[in-house]
DNA sequence: ACAAAATAGATTGCATACAATTTAATTGTA
DNA sequence: TACAATTAAATTGTATGCAATCTATTTTGT
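Protein chains in written order, with the numbering used here: chain G, 27 to 173; chain H, 27 to 173.
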């Protein structure tokens, strides 16, 4: 009705997105606390589990994070013993991050986490897939715009 | 195939949610910079525009934020002149935040923001509504769990 | 070859988030 | 009515995010 309706919180798409993302990471916390990992550290480990080895830049591309966030985060994961850093042989500017044995073992311990979290999100298989597709549609479009 | 598949980034629902929320707030930034507001300050102003007056606690309930986040944020909005704080008459523990004339004027200037942002999100009306409903379904469920 | 442009990480600074603690005020109850 | 329990904000401490800048290297264009 009012010209101000577009500025109502309930008419925003961005707000439930923002609030929901925070709620999910907040509910991950008790699960991840057992492993002394934060959510961001957890998804960084996911990249390492899949790739075994990756540059900071590559990790950043996977996670949409820059070195300002990743550098301290990677240092923490290194001090926990899950990853190692060394300068790249090919390109002395680059840093190669690789997974350690302890990091590989962590994977076995954490296999139960996704399922435990899945129980918190009250969506059907179909709904979850719809949501997944809609979110990636937005992400892809941003990728296109930004490139 | 592997028992580790559940730990793959591409099989997570949480990750696109997390990444998408960040991407959206990141793309809000240039729009909000013109008004010298951050995204969180912007949605706080949305609450104030609607309610004219609210306690820190009430704002926190609207936005899913606690006093640790809101206290400094509200102080910044106050120093910008958009809101005012005063202790509640009813309950001296509470702080009532109310909108100023400058805050009301800001609303007129910012009416164009939601539309400008909408252009960035490549979803149809129907898709946006679906996404909206799915996100609120998750949020509502968390509300139920947490209460 | 070599100076300029580009790139990879690290660093700095600012603004969230949020748990945990503290302080002041209010409520519930024996 | 004392007084323990609760509540509202503020404070403290840790961990992101991200823009902007800096440093060391590598590429590029001539």
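No residue lacks a Cβ here, since even glycine has one placed at the ideal position from N, Cα and C.
Under the DSSP assignment, residue 81/G falls in the beta strand (DSSP E) whose first and last residues are 79–81. Around the Cβ of residue 71/G, a 10 Å sphere holds 16 or more other Cβ atoms; the residue is buried. When the beta-carbon positions are compared, residue 137/G and residue 33/H come within less than 8 Å of each other.
Residue 118/H sits exposed, since fewer than 16 C-beta atoms from the chains shown fall within 10 Å of its C-beta.
Counting along the chain, the unbroken beta strand (DSSP E) around residue 113/H starts and ends at 109–113.
Per DSSP, reduced to three states, the secondary structure at residue 122/H is strand. At a Cβ-Cβ threshold of 8 Å, residue 121/H and residue 106/H do not count as neighbours. Chain G has a Cβ within less than 8 Å of the Cβ of residue 140/H.
With fewer than 16 neighbouring CB atoms inside 10 Å of its own CB, residue 94/H falls in the exposed class. Contacts with chain G at 8 Å (Cβ-Cβ) do not include residue 58/H. DSSP, read as helix, strand or coil, puts residue 148/G in coil.
In chain order, 43, 44 and 47 make up the part of chain G whose C-beta sits under 7 Å from the C-beta of residue 47/H.
Going by DSSP, residue 44/H is part of the alpha helix (DSSP H) stretching over 40–59. A direct Cα-to-Cα measurement between residue 31/G and residue 116/G gives close to 56 Å.
When secondary structure is reduced to three states using DSSP, residue 105/H falls in the helix class.
Taking C-beta separations shorter than 8 Å and ignoring five residues to either side along the sequence, residue 56/G has no partners in its chain. Where residue 127/G is concerned, the enclosing alpha helix (DSSP H) starts and stops at 127–136. Taking 8 Å as the threshold, the shortest C-beta distance from residue 157/H to chain G falls below it.
In the displayed model, residue 173/G falls within coil according to three-state DSSP, outside both helix and strand.
Ranked by Cα distance from residue 149/G, the options 144/H, 140/H, 156/H and 109/H are led by 156/H.
CA-to-CA, the gap between residue 53/G and residue 35/H works out to about 18 Å. With respect to chain G, the C-beta atom of residue 153/H has a partner C-beta closer than 8 Å.
The Cβ atoms of residue 109/G and residue 126/G lie closer than 8 Å to each other. Residue contact check for residue 35/H against chain G: a CB pair falls below 8 Å.
Assignment of residue 30/H by DSSP, reduced to helix, strand and coil, places it in the coil class. For residue 148/H, at least one C-beta of chain G is nearer than 8 Å to its own C-beta.
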